[in-house]
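Heads up: the structure comes next, in structure tokens.
Residue numbers (full-length UniProt numbering): 1 to 83.
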């Protein structure tokens, strides 16, 4: 499940949004996993400039199984050029 709350940044065409994610897996193959659910949050800015669209984000795990090692914070970007 994912929920986003976004706000346009004036007339810039950019959007600032907060996303919350939750995921769960099940079935016989989950017996060998350290856990079956994860939750996380992300803060993101996305927009476009001419034919280039971008998405800059930073996220963090809110809930994870014991023994499931993750980075404290994860950041990244996505660039798309339309031609």
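Glycine is no exception: its CB is placed at the ideal position from the N, C-alpha and C atoms.
Per-residue DSSP class, three states only, for residue i
{"i": "residue 53", "result": "strand"}
{"i": "residue 14", "result": "coil"}
{"i": "residue 30", "result": "helix"}
Residue i and residue j closer than 8 Å at C-beta
{"i": "residue 59", "j": "residue 74", "result": "yes"}
{"i": "residue 34", "j": "residue 67", "result": "yes"}
{"i": "residue 76", "j": "residue 47", "result": "no"}
{"i": "residue 16", "j": "residue 45", "result": "yes"}
Nonlocal neighbours in the same chain, by C-beta distance under 6 Å from residue i, ignoring five residues either side
{"i": "residue 80", "result": "53"}
{"i": "residue 40", "result": "21, 59, 61 and 62"}
**Prompt:** Would you call the region 21 to 31 and the region 4 to 12 touching, i.e. three or more CB-CB distances under 8 Å?
**Reply:** By the Cβ test, the region 21 to 31 is not in contact with the region 4 to 12, since fewer than three Cβ pairs between them sit closer than 8 Å.
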